[in-house]
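Peer 1: One structure coming up, written as structure tokens, with questions to follow.
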Ligand SMILES: Cc1cc2nc3c(=O)[nH]c(=O)nc-3n(C[C@H](O)[C@H](O)[C@H](O)COP(=O)(O)OP(=O)(O)OC[C@H]3O[C@@H](n4cnc5c(N)ncnc54)[C@H](O)[C@@H]3O)c2cc1C
Ligand code: FES
Ligand code: FES
């Protein structure tokens, strides 16, 4: 990461100056532990402490879904969770979707279906979609729309995203039947 | 976050109440955080302590209790309520409303009780809980009390709760077989928006109507005049339309960023008509 980029990232986060607290959790299968500002959000913990920049900050207030991650098996807006609330939990971010240097089926389908343009919403979309397919491997179109209604996209018009999630679900089902 | 606060997660109810007794004024209870963390971020609030209730096991219950009533603890999320068979079967309007609140990922955090404690005029779960005559169980280090939800709201974002008190949970009184209910919400877009108007309606086993609305008054309200009109009138095909006209007389909505008073009033009538028609057809 370039220095300039690092500087810009730091701007969005204000330290309270309060004494640090220790937070330990499991992120993408790895145990992590940090001494942090007690008022830090989980989103800022991921981005600033762990340098996992895949998860995006849009509104910071639960409206846009760009910060969606999977916490304890459930999709949540990481901007509305304190890092301390996630202590002891298992967290999955977009960085944890692919395995062994290969993209996941879901990510491949997003690319194939042109389900992203600027890409800012994409990590959040992928995590909402991942949580959906985990709880419902055979979603109807309405289930997909419900799952991503909290993920705003200014570029794609949503239909390619819905299609990508559907085709990914089909491919995942085929793979699991084999 | 830019506010300064100390985060506490007491492992038991008595620990939490022991903290609130001296420190209640300077503390804010944290449930799902979907209202609270937004306010902290905006500096609209600056508590010294944020006290998380999610460490308390007994608040995570949603179950049938004595006499067929249902207990819904303060830790129960909106999605847990929406997906509960018990809620879907007996209190359909509550499940309907839960499914319309914010987005799927927000509902994974937001709690039902948090929605009530936040006391927004537009709280989606308030109307449905009002038509079922829900009771609010309140605890503090000094004891317990129980109030009707109707008496819990005190104004825009205000409740009767004292700083030392915690809402323990809600009691949903038993319903008879064959009851019907629904929640209809008008928002600017289909997904993920606060309501312009929300109508909760229930037809009980004695064929009495119960109605409540959100976003048309400083607090969610029970439509008592409309209920009287409906319950004193013989059923006729004109009844839904009469109800629509009557509700426009009963409510005094305001204009805001989401809708004008005139549009709110119009839609209140439309949704009441649809709700009554649905209940009459099904009943
Ligand atoms: C993007 C977005 C969209 C939203 N959309 C909707 C919507 O469509 N409809 C709607 O009704 N709401 C909506 N909300 C508001 C919010 O999500 C709900 O009101 C939610 O149910 C609040 O629950 P919570 O557990 O997150 O509350 P919290 O934020 O944890 O708490 C809310 C308030 O209640 C107090 N509190 C919570 N639990 C207790 C307790 N047990 N005892 C005493 N005090 C308590 C807290 O101190 C705080 O003041 C939205 C919010 C956001 C950010
Ligand atoms: S940054 Fe979290 S919802 Fe927008
Ligand atoms: S791809 Fe640009 S916001 Fe969705």
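Chains as they are written, first to last, in the numbering used here: chain Y, 352 to 529; chain L, 564 to 846. Heads up, the beta-carbon is just placed ideally off N, CA and C, and yes, glycines get one too.
Regarding residue 435 (chain Y) and ligand 4, is the C-beta to nearest heavy atom distance less than 8 Å?
Peer 2: Because ligand 4 does not appear in the structure shown, any question about it cannot be addressed here, the ligands present being ligand 1, ligand 2 and ligand 3.
Peer 1: Which residues in the same chain as residue 354 (chain Y) place their Cβ atom closer than 7 Å to its Cβ, once the five residues preceding and following it in sequence are excluded?
Peer 2: In this prediction, residue 354 (chain Y) has a pLDDT of 46, which is less than 50 and means its spatial position is unreliable; what the coordinates show is noted afterwards. For residue 354 (chain Y), where only same-chain residues beyond five positions count, there are no Cβ hits under 7 Å.
Peer 1: Let me know the secondary structure DSSP gives residue 662 (chain L) once reduced to three states.
Peer 2: Residue state, collapsed to three classes: helix.
Peer 1: Please determine, among Y:492, Y:528 and Y:513, the residue with the shortest C-alpha to C-alpha distance to residue 476 (chain Y).
Peer 2: It is Y:513.
Peer 1: Thinking C-alpha only, which one of L:627, L:574, L:818 and L:637 is nearest residue 759 (chain L)?
Peer 2: With distances taken between Cα atoms, residue 759 (chain L) lies closest to L:818.
Peer 1: Does the Cβ of residue 526 (chain Y) have 16 or more other Cβ atoms within 10 Å, making it buried, or fewer, making it exposed?
Peer 2: Under this definition residue 526 (chain Y) is an exposed residue.
Peer 1: Using only the alpha-carbon positions, how far apart do residue 673 (chain L) and residue 436 (chain Y) sit?
Peer 2: Their backbone Cα atoms lie some 14 Å apart in a straight line.
Peer 1: Kindly examine ligand 2 and report whether one of its heavy atoms sits closer than 8 Å to the Cβ of residue 428 (chain Y).
Peer 2: Indeed, a heavy atom of ligand 2 lies less than 8 Å from the Cβ.
Peer 1: So, under 8 Å CB-CB, residue 583 (chain L) and residue 703 (chain L) are touching, yes? Tell me the CB distance rounded to an integer number of Å.
Peer 2: About 7 Å separates the two Cβ atoms, so the contact holds.
Peer 1: Determine the direct distance from the alpha carbon of residue 766 (chain L) to that of residue 634 (chain L), and round the result to whole angstroms.
Peer 2: The straight-line gap from Cα to Cα measures roughly 22 Å.
Peer 1: Check whether the Cβ atoms of residue 834 (chain L) and residue 749 (chain L) lie closer than 9 Å to each other.
Peer 2: Result yes, Cβ atoms of residue 834 (chain L) and residue 749 (chain L) sit closer than 9 Å.
Peer 1: Where does residue 729 (chain L) sit, in a helix, a strand or coil, going by DSSP?
Peer 2: It is a strand residue.
Peer 1: Threshold first: 4 residues or longer. Then list the alpha helix (DSSP H) segments lying entirely within the stretch 717 to 797 of chain L, N to C.
Peer 2: Counting only runs of 4 or more, we get 787 to 795.
Peer 1: Provide the residue(s) that pair with residue 386 (chain Y) in DSSP beta bridges, ordered along the chain.
Peer 2: Beta-bridge pairing links residue 386 (chain Y) to Y:373.
Peer 1: For a contact defined as C-beta to C-beta under 8 Å, what are the partners of residue 488 (chain Y) on chain L?
Peer 2: Neighbours of residue 488 (chain Y) on chain L: none; closest Cβ ~17 Å, over 8 Å.
Peer 1: So that I know if they touch, is there some Cβ in chain L lying closer than 9 Å to that of residue 402 (chain Y)?
Peer 2: Chain L, which has no Cβ nearer than 9 Å to the Cβ of residue 402 (chain Y), makes this no.
Peer 1: Count the other CB atoms, across all protein chains shown, that sit within 10 Å of the CB of residue 592 (chain L); report buried if there are 16 or more and exposed otherwise.
Peer 2: It is buried - the Cβ of residue 592 (chain L) has at least 16 other Cβ atoms within 10 Å.
Peer 1: Would you kindly work out how many angstroms separate the C-alpha atoms of residue 827 (chain L) and residue 510 (chain Y), rounded to a whole number?
Peer 2: The alpha-carbon atoms of residue 827 (chain L) and residue 510 (chain Y) are separated by roughly 32 Å.
Peer 1: Between which two residues does the alpha helix (DSSP H) harbouring residue 619 (chain L) extend?
Peer 2: Residue 619 (chain L) -> no alpha helix (DSSP H), and no H or E assigned at all.
Peer 1: Is the Cβ of residue 593 (chain L) closer than 9 Å to any Cβ of chain Y?
Peer 2: True, the Cβ-Cβ gap to chain Y drops below 9 Å.
Peer 1: Mind checking whether residue 613 (chain L) and residue 637 (chain L) have CB atoms under 9 Å apart?
Peer 2: Not a contact, by the Cβ cut-off of 9 Å.
Peer 1: Indicate whether at least one CB of chain Y lies closer than 9 Å to the CB of residue 674 (chain L).
Peer 2: Chain Y, which has no Cβ nearer than 9 Å to the Cβ of residue 674 (chain L), makes this no.
Peer 1: Compute the minimum distance between the beta carbon of residue 405 (chain Y) and the heavy atoms of ligand 2, and state whether it is under 8 Å.
Peer 2: No - ligand 2 has no heavy atom lying nearer than 8 Å to the Cβ of residue 405 (chain Y).
Peer 1: Thinking C-beta only, is residue 684 (chain L) closer than 9 Å to residue 738 (chain L)?
Peer 2: Going by C-beta atoms, residue 738 (chain L) is not nearer than 9 Å to residue 684 (chain L).
Peer 1: What is the DSSP secondary structure of residue 605 (chain L), counted as helix, strand or coil?
Peer 2: Correct three-state label for residue 605 (chain L): coil.
Peer 1: DSSP three-state label for residue 507 (chain Y), please.
Peer 2: Coil.
Peer 1: Tell me which same chain residues have a C-beta within less than 6 Å of the C-beta of residue 378 (chain Y), skipping the five on either side of it?
Peer 2: Excluding sequence neighbours, residue 378 (chain Y) sits near 442.
Peer 1: When the Cα atoms are used, what is the spatial distance from residue 644 (chain L) to residue 691 (chain L)?
Peer 2: For residue 644 (chain L) and residue 691 (chain L), the distance between alpha carbons rounds to 12 Å.
Peer 1: Buried or exposed for residue 454 (chain Y), going by 16 or more other Cβ atoms inside 10 Å?
Peer 2: Exposed.
Peer 1: Which whole-angstrom value is the C-beta distance of residue 566 (chain L) and residue 616 (chain L), which I expect to be below 8 Å?
Peer 2: The pair is not a contact, with the Cβ atoms about 19 Å apart (cut-off 8 Å).
Peer 1: What separation, rounded to the nearest whole angstrom, lies between the Cα atoms of residue 463 (chain Y) and residue 791 (chain L)?
Peer 2: One C-alpha to the other measures close to 59 Å.
Peer 1: Taking only heavy atoms of ligand 1 into account, decide whether any of them is closer than 8 Å to the Cβ of residue 674 (chain L).
Peer 2: True, at least one ligand heavy atom lies under 8 Å from that Cβ.
Peer 1: Taking 9 Å as the threshold (beta carbon to beta carbon), is residue 575 (chain L) in contact with chain Y?
Peer 2: No - not a single Cβ of chain Y is within 9 Å of the one on residue 575 (chain L).
Peer 1: Ends of the alpha helix (DSSP H) at residue 461 (chain Y)?
Peer 2: Taken as a continuous stretch (DSSP letters only), the alpha helix (DSSP H) holding residue 461 (chain Y) covers 456 to 463.
Peer 1: Compare the C-beta of residue 430 (chain Y) against all C-beta atoms of chain L and say whether one is closer than 9 Å.
Peer 2: At least one chain L Cβ lies under 9 Å of residue 430 (chain Y).
Peer 1: State buried or exposed for residue 430 (chain Y), treating a residue as buried only when at least 16 other CB atoms are found within 10 Å of its CB.
Peer 2: Classification of residue 430 (chain Y): buried, given that the 10 Å Cβ count is 16 or more.
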